[in-house]
Amino acid sequence: MNDEIALQKPLNHKRKMATEDIIFTIFNTIFLVLFAVVTLYPVLNTLAYSFNEGNDAVRGGIHLLPRRWSLDNYKEILFERPGIRQGFIVTLGRTVLGTFTALAANALLSFILSRKKFLFKSSLSLFWVITMYASGGLIPVLILFRYLHLTSSFWVYIIPGMVSAFNLMVLRTYMEGIPDSLEESAQLEGAGYMRIFWSIITPLCKPVYATIALFVAVYHWNAWFDAMLYNRFDPQFTTLQYELRKLLDSVSASTGQTSGTAVTEAAANTITPITVRAAATIATMAPIIALYPFLQRYFVTGLTIGGVKE
Amino acid sequence: MENTVSQQEKLKQLTEKELNKPKFTAKEFKRQWVLIAISAVYVIYGIIFYYLPLIGWIMAFQNFKYYDGIAGSKFVGLDKFKFLFSDKTFLLVIRNTFAMGALNLFFSTVMAIVFAILLNEVRNRHFKKTIQTISYLPHFLSWIIVVAIVHDALTSTGIINELLLKFGIVDKAYPFLGDPNMFWGIVTFSHLWKETGWNAIIYLAAITAIDPCLYESAAIDGAGRFQKMWYITLPSLRPTIIILLIMNMGNVLNAGFELQYLLGNGLVQSVSKTIDIYVLDWALNARNTDYSLGTAAGIFKTAVSLALIFLTNTIAKKTGDERLF
Amino acid sequence: MKAKKLFSLALAGVMAASVVACSVPGKGSGDGIVDMTFFAAMAGKEKDDGNEIKELIAQKTGVRVKESWLTGQDAGEAIGSIIASGKLPDFIDGGDGCIQLYENHLLVAWDDYLEKYPNLKEMYTPEEWDKFRQSDGKIYWANVFGNHYKQDTTTGHNGEAFWIQVRVLEWANYPKIETLDQYFDLLEKYAAANPTMPDGTPVIPYTCLCEDWKYYCLENAPMFLDGYPNDGCVIVDVSAGADNPKVVDYNTTSTAKMYFQKLNEEYAKGAIDPDFATQTYDEYIAKLSTGRVLGLCDQYWDFAYNIMGPFAQTQTTTDGTSYRLDEMGCDYVPLGLVAEAGMEQQWHSYGDELNQASGIAVTTSCSNPDLAFSFLSAMLDQEIHDLRFWGIKDVDYLVDENGLYYRNDQMRENWKSDSYKAKHTCEYSYFPQWNGLSKDGKNCMQPAEQPSEFLAGLAAPLKKCFEAYGAGNYNDFIGSKYCDQYAWYPLWSWSNGVSNETPGGIAWQKMGEVKHMWLPKVVMSTDFETDWAAYQQAYNDVNPQAFLDEAQAEVDARLATAKANGTA
């Protein structure tokens, strides 16, 4: 795309532009590579720990490569825990279902909120914005969910978080950038709102849909707190991350019992090797990273929606 | 030239806004009945899941005991708020939360935008994709892992001190982690490190919506790359930037628990403790959990958040920018 | 095409979701065994489904318990949310949150069942049981730890001490170390003579953990140095007679100043780890695991189990020599240091400490409380107790011709392996249990206390060190004075739970904040006297007297209760 532009440039500018371009490209490349190296380090470090033998890693000092190779960490988290399998199924279910429902719910509402002539545009936007900052706290929510029979159920993962003000606003902002002329001409042809939403707005919103889908999918994939809070004693609704958390949290920040001396060996837990923690991190990162390229093309490659612009 | 064009455009937008102001007429109601009906369903949903739990706010004015419930617990008026605001530590904690939230908001926004724009300038698609994928990976690491690495780098034998010693910048290892002056900087850096690539995603998506014709005509006018970034990319991102800024403004006081908790220690507690950590310290007593104090702190945070977004939203309205509501 | 793919993906998700939504938990599982649940407001590791010993116990008792543990939440928060969610497990150990469960009427009283199940009643004397009584006069939970059957067979010193590596003692030809001066003097001299580890890294003479509540490693030594036991929050002075105990603040004593001044000197000399004030627990353990740290002050359980693995590993230096840290004498032994040579000390408390503030309870959600209590009782049957802590005969332990249990190396290894423990062993570690002598009168209830097992687990230099000092175990080694426990002991079972509702509780929280900041500062200070004075000033500003008064009131109250029960 940019190459085409270069061809169209007036000749007398070309030389100046080229040097400026080259210098810029060099600096930009250097900057981005440095940035990538710096951000990649913690990931590589985690990867190195995940393939290191546990007792050895306790000593620390591992950077980019494992010191004593071992696959035990992955074996421990992936194959030796029965909860992991169930957790994976639940997480997969909630990620797929939760992403679709949340995307649909948010897209539809933000379509409404982005209509310039919508009568309650401002008041309803405020209604939703407030939900972002006002929270009754853990206990009232728990009691409410208990009355709605959402505790001890799978639906607690899907229904309560379906509409989120943040996603709504991101979607709305994007939709507002789409020229009105399209909507107007469709209306002249007799299309209703639903038709406009589905046939005109949605196809143009792919990049932002992809973004929101990514946000929601990552949220669902990483969720564990809700599983613990609402389904603590219902192992059939456990999630992958909750299972991993349970595995990892064997040192607690504060327990009254241990400030005395009344802890027997059976109860005094050794810290979970940092290696298992690393393996768990890598193992849960992997699938969501695999998903990424499919979404990435929507917002890296760019969509040509020229022609629809005013 | 550019200026006059954008001014004209702004003027046009303003008049358009006037024209588009909704009119509450029966005809308009009838025309929009689908929209109204659907949004009513959403409102019911919102009331149930977001507004109903706010009944819990009553706890802040009580000495809430779970067994007595909201109906039966003793009312103590504003005692819990008095407790908070008469404690010097709490005022300190507000300052810390606010400072770290603001630093984080400012630098995260700038870095994410700069990164998105620079990445957009890359022509090689594979390079672009690779860099972008790498940059968002740290988002998936937990704070525990990131803090462990930051800690490791900053101890007396860590890489940073090693380098400083080697180049003779210091003659004795510098205690970064125990120095209250360093703490906010370390927190901000950790945030940027972990989240810049992730935060840039929204901006990258918004950049895709920019009409390529704009770049073409700018090129014909002889605009260089910086000019194009400055006069086209950045202004096109403006609505997204403003909206995110307003929304994040309201989160300034929510900006901190885990990172500060993991990174803090006794020596830096006067700058590291945030509101959430304060609540943990004072209210989460296993034998006698003080829900009321936590709720009071929560109400305070909500009030400040709403005040901030109303303020910024009004400013945005005045400058003719995109607004949240 | 793409839409089709998306659709099928969505369909898959919906199906997965409905599978999840419809699957019913396998309650009862058809084998006549009742499944029950247990939650501990403590961190712990879950057992695998179908855990072998758990199944054996289930067959014998008719009950299978799924244990779950604290995850990502504070104990109080967890108990609060369990109460609010309305779904309780059958058994619960709420830690310090037990009282909240009681106040919400969610627990079943033990009183009737104690009469029915002598195993349970036997756990404590009537006087001890009285300590568990709540405001309504009933018993709702029982602490299960540190309770010895017949005799005290403790081999370890689980509590706090100044620890020192045995190689340091060996190098100095096993001297008698009584004071801080002697202790640090020895650490310095050893470090000067042996500055590096085999891999070339320098040794660290002394380190100290200051993270969060584990800063007790730094702050409470003055209490012990003055010869008092671990009451946790204050010294209880009985010099005016056991009838007239007086609460004393150990933060302001001359011993406290002496101790921190000593640390300050040592820090200036470079004998103390420069990162001590900012290190995290993980970093602390990492440091200890390299064997570089010669001395430290901590409670045994807080560090020892985590460094055993790395110490037993063979390492190779770059020039090809291999070594093991435990064989090098990097293991630690406890020293009962005192403020002045010749004083007696109580770093080790003999007898059983009773934390009456927490323990295992049966909840009102349990549909068959009688079965639950019969299960708790069965936990104490010797056969089941052996299964829990020794394992299966011939698989996990062997029996010699005298009827004594022992393990071979492989068995010992197994019992250290996390995966073996997850699929095979089932300690039910927060359920009623005994320490001490087994009902057969020969073996110990728990392997760690079996003398032969204890010695078999020791590396050669450690054994040699015990012999040199004429000690049979850690317990003998630290050489604390034998003392009966007072009625108020341990007072930390009270101070762990003070709340912000009283002036004393507020003072306690603030005292912690002041100490967290000032104590490391004082140690690192270049002008000790000035900073010490500033610290004392800041400390007095938060009104510690309010806390001390409440502590005194609690001591008096506990003493009065004991007197009323005729046990003081």
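These protein sequences, in sequence, are chains A, B and C. Going left to right, the first sequence walks through residues 6 to 315 as this note's numbering numbers them. Going left to right, the second sequence walks through residues 185 to 509 as this note's numbering numbers them. Going left to right, the third sequence walks through residues 145 to 712 as this note's numbering numbers them. C-beta: ideal position from N, C-alpha, C; glycine also.
Partner residues in the beta bridge of C/V209, as assigned by DSSP, are C/M180. Chain-ordered, the chain B residues with CB closer than 8 Å to the CB of C/Q244 read Y250, A470, R471, N472, T473.
Inclusion of C/G220 and B/L302 in the CB contact set at 7 Å is not warranted, their separation being larger than that value. Under the three-state reduction of DSSP, C/D628 is assigned to coil, being neither helix nor strand.
For C/G439, the enclosing beta strand (DSSP E) begins and ends at 437-443. Residue environment: B/V354 is assigned as exposed (fewer than 16 neighbouring CB atoms within 10 Å of its CB, all protein chains considered). When secondary structure is reduced to three states using DSSP, C/H292 falls in the strand class. Using a Cβ-Cβ cut-off of 7 Å, C/P339 does not count as an interface residue toward chain A, since no Cβ of chain A sits closer than that to its own. Around the CB of C/N546, fewer than 16 other CB atoms lie within 10 Å, so the residue is classed as exposed.
Here the alpha carbons of A/N227 and A/A295 stand approximately 15 Å from one another.
The Cβ-Cβ distance between C/Y444 and C/N291 does not fall below 7 Å. The closest CA to that of A/V175, considering only B/L428, B/L421, B/W382, is found on B/L428. Under the DSSP definition of a beta bridge, C/D237 partners with C/A184. Residue nearest to A/S158 within the set A/R99, A/N33, A/R282, A/F56 is A/R99 (criterion: CA-CA distance). Contact with chain A is found for B/F233, since one of that chain's Cβ atoms lies less than 7 Å from the residue's Cβ.
The contact set of A/I293 on chain B, defined by CB atoms closer than 9 Å, consists of F324 in chain order.
Note on the segment 284-348 of chain B: whole alpha helix (DSSP H) runs with a minimum of 4 residues are 309-320, 327-338, in chain order.
Taking all protein chains shown into account, C/Y613 has fewer than 16 neighbouring C-beta atoms within 10 Å of its C-beta and is therefore exposed.
Spatial neighbours of A/E58 in its own chain (CB-CB distance under 6 Å, excluding positions within 5 residues in sequence) are listed in chain order as R73, S75. In the DSSP assignment, C/E304 falls outside any alpha helix (DSSP H) and within the unbroken beta strand (DSSP E) covering 304-309. Contact note: A/M233 does not reach chain B at a C-beta cutoff of 8 Å; the least C-beta distance is about 16 Å. At least 7 Å separates the beta-carbon of B/A439 from that of B/A384. Interface flag for A/I28 against chain C is unset, since no Cβ pair is found closer than 7 Å.
In this structure, B/Y320 lies away from B/W377, with their beta-carbon atoms at least 7 Å apart. Residue-level contact by beta carbon fails for C/S433 and chain B, as no gap is shorter than 7 Å.
Unbroken beta strand (DSSP E) runs of no fewer than 3 residues, entirely contained in the segment 39-104 of chain A, are not found.
Here the C-alpha atom of C/M555 lies approximately 10 Å from the C-alpha atom of C/S561. Here the alpha carbon of C/W534 sits roughly 10 Å from the alpha carbon of C/L542. Inclusion of A/Y303 and A/K211 in the CB contact set at 7 Å is warranted, their separation being smaller than that value. Contact of C/P664 with chain B is assigned, a C-beta pair being separated by under 7 Å.
Judged by DSSP secondary structure, C/Y411 falls outside any beta strand (DSSP E) and instead within the alpha helix (DSSP H) spanning 398-413.
Contact note: C/Y359 reaches chain B through G450, using a C-beta cutoff of 8 Å and chain order. In chain order, L302, E305, V306 make up the part of chain B whose C-beta sits under 8 Å from the C-beta of A/N33. Counting along the chain, C/D675 sits inside the alpha helix (DSSP H) bounded by residues 672-685.
Residues P346, V347 of the same chain have their beta carbon placed closer than 7 Å to that of C/P339, with the five preceding and five following residues left out of the count. The beta carbons of A/F93 and A/L245 sit closer together than 7 Å.
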